[in-house]
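In my numbering, the protein residues as written are 0 to 796. Ideal Cβ placement from N, Cα and C applies to all residues, glycine included. Below is one structure; the comments refer to it alone.
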């Protein structure tokens with residue numbers, strides 16, 4: 000009976016593989032469904048072939064979810080089946096453990112891999128499978144070492160490998176034990192493990208293992224003794240093994256290390272030769288090693304003072320690392336890789352600033368910035384059509400949990416009437432749970448954006464998309480203790496080339512930046528008609544752009560200026576900065592954007608007359624009466640009750656609104672949990688807005704409604720970027736706390752400008768200037784926090 004079923008499973012598999020009508024993704028999905036059916040029973044060989052073929056097809060189709068999202072889901076199901084089978088004592092559980100181990104090795108996500116390995120280990124231990132136990136313990140030990148934990152698993156693996164006579168496995172375990180010892184600060188023990196590993200590698204004839212261990216010993220000697228001569232002796236011994244290596248990537252590492260050692264003893268010519276040899280082995284399969292070789296070449300050229308060429312080498316290193324990062328399976332892993340590579344990006348940016356290479360600096364700045372969001376905005380509109388984001392209920396569950404936590408602080412944050420000791424533990428536990436929910440939300444949307452992303456466009460393509468006369472000012476910020484260095488890249492209209500400036504902020508300037516980034520202290524700086532930071536932070540505007548802003552040939556309405564801040568700089572109300580004693584508001588029509596790419600792709604959305612408006616106006620706010628009156632006067636207005644479900648219905652796929660307005664209370668929560676408090680109890684989450692078709696112009700008159708998580712390497716998710724994703728060309732929102740009455744008055748004037756045909760950035764600017772003219776120097780908090788996010792707004796429109 001089972002043999003007949005096995006033949007039937009094999010026939011189904013071969014029929015799917017031969018089906019030429021199915022595309023790669025459809026065929027991969029069908030293979031996954033077949034594999035799922037075969038988990039409890041069925042032919043292991045057929046099941047594994049179906050799984051591995053499906054994974055390969057997902058990767059070939061360019062779906063970035065393949066490794067972690069697909070393999071992780073299938074592996075988790077298999078782990079549950081294996082656990083239940085083990086408890087029942089079913090036969091064939093070991094074959095499931097083999098599959099779990101195989102899938103775990105394919106995962107980039109350590110937490111998912113750990114789950115599969117631990118379940119496989121439980122099965123192997125129950126069945127007394129020593130080889131399986133050792134292999135799984137070694138992998139778990141490797142994960143422990145990466146996370147700087149030491150549970151002795153690698154040592155257990157090494158003992159089992161020695162017992163069963165598996166020298167190659169023992170070699171792997173010894174290298175992991177060396178890494179773990181180094182992480183816990185025991186450098187002597189780390190060296191002993193490496194020397195033992197070298198003996199084992201030579202005894203079993205593992206050439207690649209021997210070369211890798213020699214490199215490890217060379218690095219260890221440099222770390223502990225700074226002995227260049229002995230370190231070079233180890234690397235030269237590894238170089239002699241290159242003709243017999245199976246892994247060509249090792250040759251790149253060997254030559255790169257020889258180059259670094261040559262630099263250490265001051266032999267620049269030898270270093271350059273070694274780096275050239277390393278790059279001779281470059282291929283797409285060894286991009287990580289090639290990136291290190293380009294980095295070593297940049298080091299040598301920097302020492303020689305050839306910063307132009309050093310910049311190009313550093314840029315090539317960034318490109319290779321970015322290519323590798325974008326291959327990772329989900330947004331969490333991509334963000335983790337970006338953080339790991341951050342020093343490389345910083346070094347490339349610093350070299351570009353030294354050599355004055357604005358184009359290189361711009362490419363480095365755009366790396367890791369809103370890349371999936373930009374690619375989705377510039378891709379097939381059908382991919383983000385109505386209800387395109389389906390998270391199988393997980394999104395709603397997470398949002399409900401976060402909402403409950405935020406709205407019940409006494410119970411969930413402080414632990415109610417618990418004792419002080421218990422309350423402290425409870426508070427820490429709930430803060431951790433909330434952080435985990437936010438991380439899951441971020442990974443949820445980031446990975447979904449990656450899945451829908453089109454092939455990335457070039458920076459030149461993005462510059463060409465921007466309206467003529469549009470300038471861009473992109474920033475990066477690096478902190479050294481309490482002082483910051485800012486890199487400013489000014490991108491003038493084509494065909495002019497970008498320029499880059501390195502700006503070392505003073506202690507006072509750095510303090511202003513951090514004060515404005517803090518929601519509790521920013522109000523202090525903004526509650527004045529003028530403040531020293533407005534002039535003090537004007538150094539953020541490069542001299543070349545200053546000349547354009549204040550020159551005699553400038554347009555009477557100034558220029559269009561897209562500002563691309565990062566980190567703490569996102570919170571700066573740039574319109575209030577003084578350039579040559581004149582507010583930037585009077586010199587330029589400003590837009591904020593998470594990246595140049597987002598501004599460019601949003602600019603492709605066609606401007607049309609504004610005739611129909613939708614509004615959700617919280618009557619508890621004193622400024623909403625002025626907004627309602629203006630909206631009724633200029634547009635066909637539909638007011639929607641303050642319920643998220645009613646808003647989702649009103650903004651369905653057939654809505655014809657040109658303008659959407661939500662004036663309410665806001666919150667300073669990040670990501671998909673970013674929300675507007677649209678009534679006494681109701682909230683409009685960014686996660687809910689994902690289900691809406693947002694009008695061309697979207698206005699949120701609420702505190703903090705313009706905040707996003709704009710750290711490089713992460714997708715900048717929040718209410719403004721979700722609105723852009725769902726159809727808006729530009730979003731008017733607030734970076735800080737804003738007063739009700741002043742906000743209502745400025746927004747009412749903004750609606751009048753939209754009715755006259757101005758784009759949102761120009762309409763907001765005109766409204767802010769009119770408010771200032773009529774009020775004679777009101778506090779900055781009345782007007783400066785209101786910004787336009789997204790596409791720039793055509794000067795003189």
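6 Å CB neighbourhood of residue i in its chain, flanking five on each side removed
i: residue 307; result: 354
i: residue 660; result: 614 and 698
i: residue 410; result: Its pLDDT being 48, under 50, residue 410 is placed unreliably by the model, and nothing is read from it.
i: residue 568; result: 474 and 476
i: residue 503; result: 484
i: residue 294; result: 316
i: residue 178; result: 144
i: residue 280; result: 247, 250 and 251
i: residue 103; result: 112, 115 and 116
Contact set for residue i: own chain, Cβ-Cβ below 8 Å, skip 5 residues either direction
i: residue 323; result: 286, 287, 290 and 336
i: residue 654; result: 613, 692 and 694
i: residue 464; result: 599, 600, 602 and 603
i: residue 146; result: 109
Among the options, nearest to residue i - alpha-carbon criterion
i: residue 209; options: 218, 196 and 113; result: 196
i: residue 319; options: 292, 634 and 468; result: 292
i: residue 545; options: 491, 508 and 523; result: 491
i: residue 634; options: 542, 674 and 753; result: 753
i: residue 275; options: 263, 101 and 297; result: 297
i: residue 547; options: 574, 535, 579 and 530; result: 579
i: residue 696; options: 761, 673, 632 and 668; result: 761
i: residue 346; options: 334, 15 and 363; result: 363
i: residue 715; options: 789, 541 and 142; result: 789
i: residue 702; options: 7, 624, 369 and 783; result: 783
i: residue 641; options: 124, 652, 133 and 617; result: 617
i: residue 678; options: 582, 620 and 482; result: 620
i: residue 676; options: 665, 669 and 670; result: 665
i: residue 505; options: 301, 538 and 356; result: 538
i: residue 518; options: 725, 705 and 249; result: 705
i: residue 342; options: 479, 625 and 672; result: 479
i: residue 836; options: 368, 334 and 314; result: Only positions 0 to 796 of the chain appear in the structure, and residue 836 is not among them; the question remains open.
i: residue 370; options: 745, 720 and 786; result: 720
i: residue 674; options: 643, 658 and 656; result: 643
Cβ distance (whole Å) where residue i is taken to contact residue j below 8 Å
i: residue 157; j: residue 172; result: 4 Å
i: residue 203; j: residue 246; result: That pair is no contact at about 16 Å.
i: residue 749; j: residue 736; result: About 19 Å separates the two Cβ atoms, so there is no contact after all.
i: residue 271; j: residue 299; result: 5 Å
i: residue 260; j: residue 227; result: 6 Å
i: residue 124; j: residue 132; result: 6 Å
i: residue 500; j: residue 352; result: 7 Å
i: residue 775; j: residue 662; result: Actually they do not touch by this definition, with Cβ atoms about 25 Å apart.
Residue burial classification, residue i (beta-carbon count within 10 angstroms, cutoff 16)
i: residue 229; result: exposed
i: residue 680; result: exposed
i: residue 608; result: exposed
i: residue 163; result: exposed
i: residue 311; result: buried
i: residue 66; result: Note that residue 66 scores 49 on pLDDT, short of 50, meaning its location in the model is unreliable; the coordinates nonetheless yield the value given after this. Looking at its Cβ environment, which holds 16 or more other Cβ atoms inside 10 Å, residue 66 is buried.
i: residue 606; result: buried
i: residue 148; result: exposed
i: residue 792; result: buried
i: residue 755; result: exposed
i: residue 648; result: exposed
i: residue 302; result: exposed
i: residue 470; result: buried
i: residue 242; result: exposed
i: residue 105; result: buried
Closer than 9 Å to chain B by CB, residue i
i: residue 529; result: The question asks about chain B, but that chain is absent: this structure has only one protein chain.
Close Cβ partners of residue i (< 7 Å) along its chain, the five nearest in sequence each way excluded
i: residue 408; result: Interpretation of residue 408 is limited by its pLDDT of 49, a score under 50 that renders its predicted location unreliable; no figure is taken from the coordinates.
i: residue 154; result: 176
i: residue 180; result: 188, 189 and 192
i: residue 573; result: 562, 583 and 589
i: residue 309; result: 297, 300, 301 and 350
Does the contact criterion of 3 or more C-beta pairs under 8 Å hold for the stretch 209-226 versus the stretch 234-247? yes
Hey, is the stretch 668-685 in contact with the stretch 555-567, meaning 3+ C-beta pairs nearer than 8 Å? no
Could you say if the stretch 456-472 and the stretch 582-598 meet the contact criterion of at least three C-beta pairs nearer than 8 Å? yes
Are there three or more Cβ pairs, one per stretch, closer than 8 Å when the stretch 484-502 is compared with the stretch 516-532? no
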